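Residues 3 to 430 (my numbering) make up the sequence shown, in order. Beta carbons are placed, not taken as given, at the ideal position from N, Cα and C, and that holds for glycine. All values reported here derive from a predicted model rather than from experimental measurement. Written out below as structure tokens is the structure these notes cover.
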Amino acid sequence: MALLTLGINHRTAPVEIRERVAFTPERMSEAFVELRAASGASEAAILSTCNRTELYLAGDDDCAPLVLRWLAGFHDLDAAELENVIYVHRDADAVRHMMRVAAGLDSMVLGEPQIFGQLKDAYALAREHGGSGSFLSRMFEHTFSVAKRVRTQTAIGENPVSVAYASVSMAHRIFSDMSRNRALLVGAGKTIELVAQHLSDAGVKDFVVANRTLERAQALAEPRGGRGILLSEIADYLEDVDIIISSTASPLPVLGKGTVERSLKRRKRRPFFMVDIAVPRDIEPEVGSLADVYLYTVDDLRQVIEENIRTREGAAREAENLIADGVQEFVSQIRALDAVSTLKQFRQRAEVLRDMETEKALRALRNGGDPETALRSLARGLTNKLLHEPSIQVRKATTEGRTEVTEWLRELHQLDAVDADATTPEKL
3 MALLTLGINH RTAPVEIRER VAFTPERMSE AFVELRAASG ASEAAILSTC
53 NRTELYLAGD DDCAPLVLRW LAGFHDLDAA ELENVIYVHR DADAVRHMMR
103 VAAGLDSMVL GEPQIFGQLK DAYALAREHG GSGSFLSRMF EHTFSVAKRV
153 RTQTAIGENP VSVAYASVSM AHRIFSDMSR NRALLVGAGK TIELVAQHLS
203 DAGVKDFVVA NRTLERAQAL AEPRGGRGIL LSEIADYLED VDIIISSTAS
253 PLPVLGKGTV ERSLKRRKRR PFFMVDIAVP RDIEPEVGSL ADVYLYTVDD
303 LRQVIEENIR TREGAAREAE NLIADGVQEF VSQIRALDAV STLKQFRQRA
353 EVLRDMETEK ALRALRNGGD PETALRSLAR GLTNKLLHEP SIQVRKATTE
403 GRTEVTEWLR ELHQLDAVDA DATTPEKL
């Protein structure tokens, strides 16, 4: 069974090309039918995310050129346009690639966990559309097992490597149970949206989002059970929040020392945790001098992120070793399956010869033949038939110079051990 992975990702292709080869849910059923027909592959799966599109195929032949032509045609592209950005992995390399993807080693953010879920979705989709047979199913299942091993045995995903995630992780240092805390998010851009998601995942249920545009603040806050307000209303809500994370495009600070100081007095010195991600800064630097205020800037976060990246890079080297072991395990499993199939055929053939010779001996006995003669004839006939074809093939291989066949025969039947045993003093 030939295994093939063909795809593009954030390293090989710009977003202008990646978005053109992405598969929409509406066309996925059509894609599965066409892909298998065009490639001749017996099994197929499709992974399509914002950072990568990959096709996994299993069949009797290497079908990379056919798959490339189909992919280009399906998306109305010139195949030559894709040739320079496509990568192809075959057999064991294809298995290794899938495991690296699942473990987050091939991601834009090293060790990110989302791709694992996306790969599981791709597997479920392949099964839904009849694309995943026994071979790809084994490959996916083994990949998931190895990826989980990487997550549990290394620190590949333990430390934050994004500003949004690092902000929330640092809040954990101040508040152990964040479900009891209320958060004020200043701004409503992509970074604050990610912060809101990470806070929600960490257990924060009470949000206030302040923004220059009220509609945008409400759109971000209300789906999470929060409230949107204007920047001018921050002072009215400040004393009731514990976590303040700010990222706006304002040229001037939106939160000053005096406002924070007054809120602290009303809070009876309960601490504030603040992260100012903005450049220029949203929170006056003097706020950090106040007692019971833990203020961090984007530079503080960068130091944390850089250290965490170094930690992840060390974990990635450990992960590569686990993946190498996982690839070898999978290859060994497939080889064992091949051996089982061959042995089954070998046994079936031997049983047919056995039954033929047994029936011949029984006929002789029914006709009044001598039992000893019938038994000896059975043994001789069975031996001759079992050894006839292998003997012909061994002689043929030897005359062609393929001496390894003779060596395999001696190993299979342990003939060297038999010869050695026959020459011991006890046997002479």
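Give every residue of the same chain whose Cβ lies closer than 8 Å to the Cβ of residue i, excluding the five residues on either side of it in the sequence, and list them in chain order.
{"i": "arginine 20", "result": "Ile10, Asn11, His12, Cys52, Asn53, Arg54, Thr55"}
{"i": "leucine 112", "result": "Gly106, Ile158, Val163, Ile311, Arg314, Glu315, Ala318"}
{"i": "valine 206", "result": "Met180, Ser181, Asn183, Arg184, Ala185, Ile245"}
{"i": "leucine 232", "result": "Ala212, Asn213, Arg214, Leu216, Ala219"}
{"i": "alanine 2", "result": "No answer is possible for residue 2: the residues shown for the chain start at 3 and end at 430."}
{"i": "leucine 84", "result": "Ile10, Ile19, Val23, Leu70, Leu73, Ala74"}
Could you say which of the options lies nearest to residue i if we only look at CA atoms?
{"i": "valine 90", "options": "Ile158, Tyr58, Gly135, Arg337", "result": "Tyr58"}
{"i": "lysine 319", "options": "Gly230, Arg102, Thr385, Leu8", "result": "Sequence inspection shows arginine at residue 319; the lysine mentioned does not correspond to that position. Here the closest residue by C-alpha is Arg102."}
{"i": "phenylalanine 177", "options": "Phe274, Gln116, Arg151, Ala128", "result": "Phe274"}
{"i": "alanine 223", "options": "Arg351, Ala363, Ala198", "result": "Ala198"}
{"i": "aspartate 203", "options": "Val170, Phe348, Ala149, Thr261", "result": "Val170"}
{"i": "methionine 276", "options": "Asn161, Asp294, Pro282", "result": "Asp294"}
{"i": "glycine 119", "options": "Gln335, Ala149, Phe76", "result": "Ala149"}
{"i": "alanine 74", "options": "His144, Glu402, Leu8", "result": "Leu8"}
{"i": "valine 256", "options": "Leu187, Leu127, Ala381", "result": "Leu187"}
{"i": "phenylalanine 76", "options": "Val329, His200, Val23", "result": "Val23"}
{"i": "glutamate 28", "options": "Leu84, Asp78, Leu127", "result": "Leu127"}
{"i": "arginine 356", "options": "Leu201, Val306, Ala381", "result": "Ala381"}
{"i": "arginine 456", "options": "Leu388, Gly370, Arg337", "result": "Beyond the ends of the chain as shown, which are 3 and 430, falls residue 456; an answer cannot be given."}
{"i": "glycine 61", "options": "Ala104, Asp78, Arg92", "result": "Arg92"}
{"i": "leucine 414", "options": "Leu345, Gly370, Val354", "result": "Leu345"}
How big is the Cα-Cα spacing for residue i and residue j?
{"i": "glycine 258", "j": "isoleucine 285", "result": "6 Å"}
{"i": "valine 243", "j": "glutamate 45", "result": "54 Å"}
{"i": "leucine 196", "j": "aspartate 63", "result": "45 Å"}
{"i": "lysine 122", "j": "phenylalanine 137", "result": "16 Å"}
{"i": "aspartate 325", "j": "phenylalanine 146", "result": "The amino acid occupying residue 325 in the given sequence is isoleucine; aspartate does not appear at that position. Approximately 11 Å, taken between the alpha carbons."}
{"i": "threonine 193", "j": "valine 165", "result": "8 Å"}
{"i": "aspartate 372", "j": "glutamine 416", "result": "35 Å"}
{"i": "serine 69", "j": "glutamate 331", "result": "The sequence shown places valine at residue 69, rather than the serine named in the question. If you take the alpha carbons of valine 69 and glutamate 331, they lie about 28 Å apart."}
{"i": "methionine 3", "j": "valine 333", "result": "12 Å"}
{"i": "arginine 268", "j": "glutamate 308", "result": "37 Å"}
{"i": "glutamate 288", "j": "proline 115", "result": "38 Å"}
{"i": "aspartate 418", "j": "threonine 385", "result": "21 Å"}
{"i": "phenylalanine 142", "j": "glycine 328", "result": "12 Å"}
{"i": "valine 152", "j": "alanine 81", "result": "36 Å"}
{"i": "glutamate 406", "j": "serine 393", "result": "14 Å"}
{"i": "arginine 378", "j": "glutamine 335", "result": "42 Å"}
{"i": "arginine 38", "j": "arginine 351", "result": "34 Å"}
{"i": "arginine 272", "j": "glycine 191", "result": "29 Å"}
{"i": "glycine 383", "j": "leucine 364", "result": "13 Å"}
{"i": "threonine 261", "j": "lysine 270", "result": "15 Å"}
{"i": "histidine 144", "j": "arginine 98", "result": "11 Å"}
{"i": "aspartate 238", "j": "aspartate 208", "result": "16 Å"}
{"i": "aspartate 108", "j": "valine 17", "result": "17 Å"}
{"i": "threonine 26", "j": "leucine 292", "result": "52 Å"}
{"i": "methionine 110", "j": "isoleucine 117", "result": "10 Å"}
{"i": "glutamate 361", "j": "lysine 398", "result": "32 Å"}
{"i": "glutamate 359", "j": "histidine 390", "result": "14 Å"}
Excluding the five sequence neighbours on either side, which residues of its own chain have a C-beta within less than 7 Å of the C-beta of residue i, listed in chain order?
{"i": "alanine 124", "result": "Ala47, Ile48, Leu49"}
{"i": "glycine 290", "result": "Leu297"}
{"i": "threonine 14", "result": "Val87, Tyr89"}
{"i": "leucine 411", "result": "Val396"}
{"i": "proline 427", "result": "Any reading at proline 427 is ruled out, since the residue's pLDDT is 49, under 50, leaving its predicted position unreliable."}
{"i": "alanine 66", "result": "Leu6, Leu8, Val90"}
{"i": "serine 31", "result": "His131"}
I'd like to know whether the C-beta atoms of residue i and residue j end up nearer to each other than 7 Å.
{"i": "alanine 173", "j": "isoleucine 88", "result": "no"}
{"i": "threonine 156", "j": "alanine 321", "result": "yes"}
{"i": "alanine 168", "j": "leucine 339", "result": "no"}
{"i": "alanine 40", "j": "tryptophan 72", "result": "yes"}
{"i": "valine 210", "j": "arginine 229", "result": "yes"}
{"i": "serine 265", "j": "glutamate 241", "result": "yes"}
{"i": "threonine 400", "j": "threonine 408", "result": "yes"}
For residue i, which residues of its own chain have a beta-carbon under 6 Å away from its beta-carbon, when the five flanking residues on both sides are left out?
{"i": "aspartate 278", "result": "Ser248, Asp284, Ile285, Thr299"}
{"i": "phenylalanine 34", "result": "His131, Gly133"}
{"i": "leucine 254", "result": "none"}
{"i": "leucine 201", "result": "Val170, Ala185"}
Any heavy atom of the ligand ZN closer than 6 Å to the CB of residue i?
{"i": "leucine 73", "result": "The ligand ZN is absent from the structure shown, which contains no ligands of any kind."}
Complete beta strand (DSSP E) runs within the stretch 205-253 (minimum length 3 residues, chain order): Whole beta strand (DSSP E) segments, 3+ residues: 208-213, 229-232, 245-248.
Beta strand (DSSP E) runs contained entirely in the stretch 32-77, provided each spans 3 or more residues: Assignment of beta strand (DSSP E) within the stretch 32-77, counting only whole runs of 3 or more residues, yields 45-50, 54-61 in chain order.
Unbroken stretches of the alpha helix (DSSP H), 4 residues or longer, contained in the stretch 117-173: Annotation note: the stretch 117-173 contains the following uninterrupted alpha helix (DSSP H) runs of length 4 or greater, listed N- to C-terminal: 136-155.
Entirely enclosed alpha helix (DSSP H) segments - the stretch 290-323, minimum 4 residues: Fully enclosed alpha helix (DSSP H) runs of 4 or longer: not present.
Runs of alpha helix (DSSP H) lying entirely within the stretch 371-422, each at least 4 residues, in chain order: Counting only runs of at least 4 residues, the stretch 371-422 fully encloses the following alpha helix (DSSP H) elements, listed from N- to C-terminal order: 373-401, 406-414.
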